[in-house]
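Structure, as structure tokens:
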Amino acid sequence: STNALVQIESGNAALAGLKLGDTDDVDQAQIQFNNDGRTLHLYNAQTGITVDSSGNVGIGTASPLTGNSIAPNLTVEGTKPAVLIKESGRVDSFLGLWADGGNSQLHFDDSGMFSIMHADDTIGTNSTTVATFHGTGNVGIGVSDPDVLLEVNKDHNGATSIKSENVNAGGSAYAQFSI
Numbered sequence: 003s004t005n006a007l008v009q010i011e012s013g014n015a016a017l018a019g020l021k022l023g024d025t026d027d028v029d030q031a032q033i034q035f036n037n038d039g040r041t042l043h044l045y046n047a048q049t050g051i052t053v054d055s056s057g058n059v060g061i062g063t064a065s066p067l068t069g070n071s072i073a074p075n076l077t078v079e080g081t082k083p084a085v086l087i088k089e090s091g092r093v094d095s096f097l098g099l100w101a102d103g104g105n106s107q108l109h110f111d112d113s114g115m116f117s118i119m120h121a122d123d124t125i126g127t128n129s130t131t132v133a134t135f136h137g138t139g140n141v142g143i144g145v146s147d148p149d150v151l152l153e154v155n156k157d158h159n160g161a162t163s164i165k166s167e168n169v170n171a172g173g174s175a176y177a178q179f180s181i
């Protein structure tokens with residue numbers, strides 16, 4: 003068998019590409035290679051998929067910041083992998099991890115607060131705060147905005163306990179909780 007190529011060349015600092023569509027529609031699909039920025043773009047009326055010269059892939063952005071592979075799941079690998087899921091125009095970000103029957107959420111906001119939440123449906127609705135770590139160093143369990151170093155809240159008809167346990171059987175081993 004032999005290879006077959008379609009070769010489209012342009013100048014060193016120019017675009018080389020292929021447009022697909024009809025003459026009545028400005029929203030044409032395009033495959034472009036930017037020789038100046040060494041980036042490959044696949045458009046379908048708007049920014050679609052971009053691959054830069056470092057192998058970073060962006061979906062919905064022309065300037066990807068992290069490398070990733072998608073086929074059919076999103077896999078992020080590398081020495082410092084990152085996923086940013088952000089609502090347009092918002093400073094805070096959500097990262098959701100789903101399991102059958104509900105989902106867990108990691109919520110980062112613009113005040114320096116990090117929360118672990120659980121929801122019974124989708125991110126941002128019917129969420130219950132499990133734990134909060136505030137930028138001031140305050141930690142909350144069962145509270146979304148702790149105002150002291152450690153705040154524990156539970157709404158139920160019974161005792162709310164904090165347990166300290168050392169399972170080591172050594173002669174000097176002990177559990178301690180100091181106030």
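Just remember that the working numbering sits 2 ahead of the position in the sequence shown, which is counted from 1. By construction, the Cβ of each residue, glycine as well, lies at the ideal position given by its N, Cα and C atoms. The structure presented is a predicted model; accordingly, all values stated were derived computationally and were not measured.
One alpha carbon belongs to G23, the other to L44, and they sit about 14 Å apart. Judged by DSSP secondary structure, I33 falls within the beta strand (DSSP E) whose first and last residues are 31 to 36. Rounded to the nearest angstrom, the gap between the Cα atoms of V8 and L20 is 10 Å. V150 sits away from T134, with the two beta carbons spaced by 9 Å or more. Non-local C-beta neighbours of G60 in its own chain, meaning closer than 6 Å and more than five positions away in sequence, comprise T52, P66, ordered along the chain. Taking the Cα positions, E11 is about 25 Å away from D27. The continuous beta strand (DSSP E) containing H43 extends over residues 41 to 46.
Nearest to V141 by alpha-carbon distance, out of Q178, S129, H158, G114, is G114. In this structure, Q34 places its C-beta atom within 9 Å of the C-beta atom of A18. Of the other Cβ atoms in all chains shown, fewer than 16 fall within 10 Å of the Cβ of D147; this residue is therefore exposed. Counting only runs of 3+ residues, the beta strand (DSSP E) found wholly inside the segment 112 to 173 occupies 116 to 121, 129 to 135, 141 to 143, 152 to 154, in chain order.
Taking C-alpha positions only, T25 is separated from D54 by approximately 30 Å. Just so you know, the alpha carbons of L108 and K156 end up roughly 20 Å apart. Selection T162, S129, S117 evaluated against H136 yields S117 as nearest (Cα-Cα). Taking 9 Å as the cut-off, the beta carbon of A177 is found no closer than this to the beta carbon of S163.
For T52, the three-state secondary structure derived from DSSP is strand.
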